[in-house]
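For the sequence shown, position 307 (counting from the first letter as 1) is numbered 318 according to UniProt numbering, and the numbering increases by one without interruption. Worksheet: the structure to be examined is printed underneath.
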Amino acid sequence: APRVPAAPTDITAVRLTPVLVADPPLLNTQGVHQPYTPRLIVEVTTAGGATGLGETYGDTQYLDLAGPLADALIGRPVTDLNMLPRLAAEVCGDSPAATGAAEVTAGGLRGVQTADKLRLSVLSGFEVACLDAWGRLTGLPVHALLGGKVRDRVDYSAYLFYRWAAHPGGRGEPDDWGAALDPPGIVDQARRLRDTYGFRSFKLKGGVFEPAQEIAAIRALADAFPGRPLRLDPNGAWSVPTSLKVAHELRDVLEYLEDPAATTDRMAEVASRTDLPLATNMCVTTFAEIREAFTRDAVQVVLCDHHYWGGLRNTRELAAICRAFGVGLSMHSNTHLGISLAAMNHVAATVPDLRYACDTHYPWQTEDVLTERLAFMDGALPVSDAPGLGVTLDHDRLAALHARWLADDGTFRDRDDAAAMRAADPGWVTPRVPRW
Ligand code: GKR
Ligand code: MG
């Protein structure tokens, strides 16, 4: 049959490159970050000669789904974004990651894991790459393709972590941050992040030490940065009474308390007995979880992550639902590179009522696959008006981080904070919640 000439927006190639990115020894309630964390870089090329970039989680179960989806995209236009979920369900439906045990497994730090959520996380990387390519073809920034920006800069908060000076056994890449394991260490870390990037609000990853110790760290931050918005996030490690005690003790200094308790039930109970707003990136992580949490007033702020919510356009849908319920919206982050940060910045720029500074791990990632790192100014990222995401891939850097992934014997290809902790504490098991 005669070949139909491809339109400029038609996808002609999709390249998937798993990488391992250096990650410092940041502590959380499940363990410690691995020396290297997997991410997946997606490149979508069109007949018109544009290549768009996307990024998502790079653990094996995500890679298993990304391959078939990449094949299925060939010949489709980058503008066909509403088709992505159906296409992903069709091509990924019978993959091992999308069946059986993956149907619902309890949480981790990002809430329930379901086959749908896995697929959405994978397709988010493709959605962003398609938007980037579409923007490059038309000369429009991604925010314009989402309806246009409503702000020129997006605020971010300093993400503070208890941490060791180095990974156990001399693994990983060294850095000069030193250890932060007590209130003065956390305040020093906050000062350095403020001085370097201009951040004006501060989030402490908690659930690592006894709550009294973490309360003391927040008090020390409040003394060091009077009036600045502060947040504490133990990733669901506390019981309802502990959550209430912390909420009571920190009610005058916290902007919100993030995921003090691990389930919607417990969050609802906490919320009913404190005026302090509760935020979550754990109990509302899918559209299916919204109704119960919102109607029970279990959470007052949802921290969206465009990866597991299924992309930038779904993030805007979530924002609309939050608006309807009077629930605040901000952004969650996990270990990520500049492509994801650029994507997050574009969508954040389009959400009308973004009242909280977004989270980002980016300052902890000294490696990137971009020719130029994104630069915070006064705690904010300017919104790019360049075509697409406005970032450029450094092919050599990508190749180097991919070579690290290829050379890995499987130890780091799936993020496992408990396993990383066992390098220091061989008896460590993922703590049961509530831990305190
Ligand atoms: O990077 O250790 C970490 C965080 O705990 C991350 O895994 C969480 O998903 O940052 C996240 C959060 O806000 O819960
Ligand atoms: Mg959180």
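No residue lacks a Cβ here, since even glycine has one placed at the ideal position from N, Cα and C. These numbers were taken from a predicted model, which means no experiment stands behind them.
Taking C-beta atoms under 8 Å as the contact rule, G69 and P49 qualify, at a distance of about 3 Å. Between the ligand MG and the CB of E300, the shortest heavy atom gap is not smaller than 8 Å. Annotated three-state conformation of V198 is helix, per DSSP.
Taking the CA atoms as reference points, W447 sits about 19 Å from R262.
Bridge pairing for I332: absent [DSSP]. Counting only the Cα atoms, T274 lies some 33 Å from A176.
V219 sits close to N39, with the two beta carbons spaced by under 9 Å. As DSSP reads the structure, N39 sits in a beta bridge with G42. Distance from H347 to Y319 at the Cβ level is roughly 12 Å; contact not present, criterion being Cβ atoms closer than 8 Å.
Distances from the CB of L64 to the heavy atoms of the ligand MG are all 8 Å or more.
L314 has its CB nearer than 8 Å to a heavy atom of the ligand MG.
For secondary structure counted as the beta strand (DSSP E) over 3 or more consecutive residues, the segment 213–240 holds these complete runs in sequence order: 213–216.
Counted as a single uninterrupted DSSP element, the alpha helix (DSSP H) harbouring A144 occupies residues 126–149. Shortest Cα-Cα distance from R426 to any of L27, T20, P36 involves P36. Per DSSP, the unbroken alpha helix (DSSP H) holding E280 starts and ends at 275–283.
Separation of T326 and D370 (C-alpha to C-alpha, rounded to the nearest whole angstrom) is 15 Å.
Look at P393 here: in three-state DSSP terms it is strand. Sequence-distant Cβ neighbours of S132 in its own chain, meaning closer than 7 Å and more than five residues away, are T67, Y68, Y73, H318, Y319.
The three-state reading of DSSP puts V380 in coil, since its state is none of H, G, I, E or B.
In the DSSP assignment, C294 falls outside any alpha helix (DSSP H) and carries neither an H nor an E. At least one heavy atom of the ligand MG sits closer than 8 Å to the Cβ of H343. When DSSP reads this structure, E54 sits in a beta bridge with R26, L64. Rounded to whole angstroms, the gap between the alpha carbons of H413 and D420 is 13 Å.
In the DSSP assignment, C315 falls within the beta strand (DSSP E) that extends over 312–315.
DSSP, reduced to helix, strand and coil, places F423 outside both helices and strands of the structure shown, so it counts as coil.
The ligand MG has no heavy atom closer than 8 Å to the beta-carbon of T371.
Distance from the CA atom of D21 to the CA atom of L76, rounded to whole angstroms, is 22 Å. Between Y170 and A391, the gap from beta carbon to beta carbon reaches 9 Å or more. Contact between V198 and L142 is absent: CB atoms are separated by about 40 Å, not below the 8 Å threshold. Where Y73 is concerned, the enclosing alpha helix (DSSP H) starts and stops at 71–84. At a Cβ-Cβ threshold of 9 Å, V53 and F137 count as neighbours. Taking the Cα of T306 as reference, the smallest distance to any Cα among R324, D276, A330 is reached at D276. The closest CA to that of N356, considering only A155, M94, G119, is found on A155.
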